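Contents: one structure, followed by commentary.
Residue numbers (the UniProt record's numbering), protein chains in the order written: chain A, 1 to 338; chain B, 1 to 251.
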């Protein structure tokens, strides 16, 4: 069929094509492997969760972990924070929490006759917000500016966050007692929403065995820091340089655009979702040892990026349709660029 | 204090009740002594009728026209509907109900129940009627390139002669996918990724070679790796070997 191809002197000293990464991913792959190993000391299974958390760190995005009580949401977030050698703080969201309890407040100094800003717990590199949907919308809105713009404004002064700045929030499903639905504007600021399910029977046996053997006592102590702030910054630089073929940009735009016209959706995803999908795919490709994005990366991340950014119509919600089902349907409707 | 005032009140209420019930109790015993009163025949019965002329005048008035006039049928469509509703009315309420009408009602209820059941269970019995299953309403946004309609040898030759090795690698890979599809080794769908096809080829002898071809395609197409004529020859050789093995094994 294509046997008549005229080769231009095959004996010429041209280098043969090397189908291997041209960038050095050694720091990234070894660090990711070390983090997986450290987390694996305590967490049984949850490989997808860990991969998405690593992707979020590399893509400079926040993560919302959702699951019923007792599936190690908080533990996973604390362990991940421990693998990063950066300042960490934890906020327990409660119904009476005020914005100043999160951001900080200005207090009057009588001796100097002026106000001094006392930073709140949000001033850390990894902030774990536990049970985020137990605080009302007033407190949630305090996070809008800091999650997107990485600084807060108090009394006319802007206070920047240090790098890296990563919010790991946990929440119970909204049907649970004493919870609020998060504002759409805030949900949009999370790169991924990861749903944590129950472990399999084998995994649960492994959890019980580990606990019975005494590993359940002080699990945090066994986990060692792997990455420093400077290394995270270096890896993020590498991720930003990842190659994206133009057809893939079009593919991402069409995937996200389809959510805005889908008949099962009341609210589609924003352009921020497209950016999240792009950045996430670049980070995931790097994590998989590639210097370019493939449709596989985009499809893999689409549910985690889109599920919290879209709203079903009341009819679909009553029928029991889930956002993941709609995302899957949208993926099926769009041809993979090839 | 309250107990002492309420006691005489209760006693007097009881006495009142007994007094009121006394005639009824005593009357129950002598029901045989019924008094028959004579019929009143003193008042004459006089029938009154309206005057015949006045009655005629009343009958002429529109308020007393109880039979609604049938509107003039303007079209065949309205005549059809009138006859249909008339037929349906006779079927469901007239004498025809016992013979035919009730079976129509039972059938309507049966069909409605079946429809609800199918809807609830989300079943599709299109196949049972001897037709192919209803395709999913997939509105492909992009103009899907039909790999079954591409003339691969001609297009490949064009790309190679033009030195467009990137396009040639793409066409070659699509050719491989087309061949795998025609040999029923993979199920081609426009939304599937290369790695999904790779998984479909798991536990077949083609998996490793296809993985190599996929890697080459992804580096050249998605990674935009520039190919020289020599490196393209390497890719082309791998592809041809794969296709030749596929053809010979299938034959």
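Even glycine gets a Cβ: it sits at the ideal position worked out from N, Cα and C.
Bear in mind the structure is a predicted one, so any value in this text is a computation, not a measurement.
Shown in chain order are the members of the stretch 180 to 208 of chain B whose Cβ falls below 9 Å from a Cβ of chain A: 189, 190, 191, 192, 193, 194, 195 and 196. In the structure shown, the three-state DSSP call for residue 212 of chain B is helix.
Here residue 299 of chain A is not near residue 330 of chain A, since their CB atoms are 8 Å or more apart. Within 9 Å of the CB of residue 245 of chain A, the CB atoms of chain B belong to 221, 222, 223 and 224, in sequence order along the chain. If you look at residue 118 of chain A, you'll find it in the beta strand (DSSP E) that goes 114 to 119. With the criterion set as a beta carbon lying under 7 Å from some beta carbon of chain B, the stretch 35 to 56 of chain A has no members that meet it. DSSP places residue 148 of chain B outside any beta strand (DSSP E), giving it a letter other than H or E. Of A:245, A:237 and A:222, the smallest CA-CA separation from residue 229 of chain A is found for A:237. Contact annotation for residue 216 of chain B against chain A: 19 [CB-CB distance below 7 Å, chain order]. At a C-beta separation below 7 Å, residue 25 of chain A has no neighbours in chain B, since its nearest C-beta there lies roughly 14 Å away.
Between the beta-carbon of residue 268 of chain A and that of residue 305 of chain A there is about 13 Å, and that puts the pair past the 8 Å contact cut. Only residues of its own chain outside the window of five on either side were considered, and among them 115, 116, 117, 154 and 155 have a CB closer than 7 Å to the CB of residue 106 of chain A, listed in chain order.
Our two residues, residue 335 of chain A and residue 76 of chain B, have alpha carbons roughly 52 Å apart in a direct line.
For residue 295 of chain A, at least one C-beta of chain B is nearer than 8 Å to its own C-beta. The contact set of residue 331 of chain A on chain B, defined by CB atoms closer than 9 Å, consists of 191 in chain order. For residue 238 of chain A, none of the residues of chain B pass the 8 Å Cβ criterion, the least Cβ distance being about 15 Å. By the beta-carbon neighbour count (other beta carbons within 10 angstroms, threshold 16), residue 205 of chain A is exposed. With respect to chain B, the C-beta atom of residue 301 of chain A has no partner C-beta closer than 8 Å. Restricted to the stretch 133 to 170 of chain A, the beta strand (DSSP E) segments that are unbroken, complete and at least 3 residues in length are 151 to 154 and 157 to 160, listed in chain order. Around the beta carbon of residue 287 of chain A, a 10 Å sphere encloses 16 or more other beta carbons of the protein chains shown; the residue is thus reported as buried. The DSSP-derived three-state label of residue 114 of chain B is helix. Cβ-Cβ separation between residue 132 of chain A and residue 93 of chain A: approximately 5 Å, consistent with a contact (criterion under 8 Å). Neighbours of residue 79 of chain A in chain B, taken as residues at a C-beta separation under 8 Å, are lacking, since the least C-beta distance is about 30 Å. Spanning the alpha carbons of residue 42 of chain A and residue 76 of chain A requires a straight line of approximately 9 Å.
Per DSSP, the beta-bridge partners of residue 195 of chain A are A:66.
Using a CB distance below 7 Å, the part of the stretch 279 to 292 of chain A facing chain B consists of 291 and 292, ordered along the chain. Chain-ordered, the chain B residues with CB closer than 8 Å to the CB of residue 248 of chain A read 222. If you compare the alpha carbons of A:260, A:271, A:26 and A:294 with that of residue 248 of chain A, the shortest gap goes to A:294. Here DSSP, grouped into helix, strand and coil, assigns residue 129 of chain A to strand. Taking the Cα positions, residue 274 of chain A is about 49 Å away from residue 112 of chain A. For residue 102 of chain A and residue 122 of chain A, the gap between their C-alpha atoms comes out near 6 Å.
One thing to note: residue 110 of chain A has its Cβ no nearer than 8 Å to the Cβ of residue 291 of chain A. In this structure, the beta-carbon distance from residue 169 of chain B to residue 235 of chain B falls below 8 Å.
Where residue 274 of chain A is concerned, the enclosing alpha helix (DSSP H) starts and stops at 271 to 287.
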